[in-house]
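Residue numbers (mature numbering (1 follows the signal peptide of the UniProt record, and there is no 0)): -19 to -1, 1 to 139.
Okay, so here's the structure we're looking at.
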């Protein structure tokens, strides 16, 4: 008698349990995802520079802007909802480097940003806008004039 062993591969999306506790995935208008703090999230698969992406989000919905990632759990949840088949695709988020002191500021509130999810610490490379890449949850810096896909967030109270 011969035993045959098989390994079956099946594509599965596994969402981080802690991230799901932070994110309330209730229905939002137009099929977008309901995010933390009564907001909706939409992943936009168009390529724009950072400023144009931000303007698109602001024009799309009242109070809209590029996404503000405020916790480790939210960062994981965003990484989990992005398609993971192309690791070279990046998505703009609402974080940008400003000022002579090179402080990281959240563009939506113009306050210093305290969360640290970025990948490297090279502060003087001329790259002032942040992306979240597919395949991991570490942010990278790119030139703001680069064209990337982006993630919008807008307030929503069901």
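Here a beta-carbon is modelled for each residue, glycine too, at the ideal position from N, C-alpha and C.
Given the structure is predicted, the values throughout are model-derived calculations rather than measurements.
Considering only their Cβ atoms, is the gap separating residue 34 from residue 131 smaller than 7 Å? Contact flag set, yes.
Collapsed DSSP secondary structure at residue 41 in the structure displayed: Helix.
Can you check whether the CB of residue 137 is closer than 7 Å to the CB of residue 45? Here residue 45 is not near residue 137, since their CB atoms are 7 Å or more apart.
Of the choices 48, 60, 26 and 39, whose alpha-carbon is the least far from that of residue 110? Comparing alpha-carbon positions, the option among 48, 60, 26 and 39 lying closest to residue 110 turns out to be 48.
Given a threshold of 16 other Cβ atoms within 10 Å of its Cβ, counted over all protein chains shown, does residue 20 qualify as buried or as exposed? Residue 20 is buried by the Cβ-count criterion.
Residues bridged to residue 57 [DSSP beta-bridge criterion]: The partner list for residue 57 (beta bridge, DSSP) is empty, contrary to what the question assumes.
Using 7 Å as the threshold, is the C-beta distance between residue 71 and residue 129 below it? If you check the CB distance, residue 71 and residue 129 come in under 7 Å.
Spatial distance of residue 24 from residue 63 (CA atoms): If you take the alpha carbons of residue 24 and residue 63, they lie about 8 Å apart.
So for residue 32, helix, strand or coil by DSSP? Helix at residue 32.
For the candidate residues 74, 119, 120 and 121, whose alpha-carbon lies nearest to that of residue 29? Of the candidates 74, 119, 120 and 121, the one whose C-alpha sits nearest the C-alpha of residue 29 is 74.
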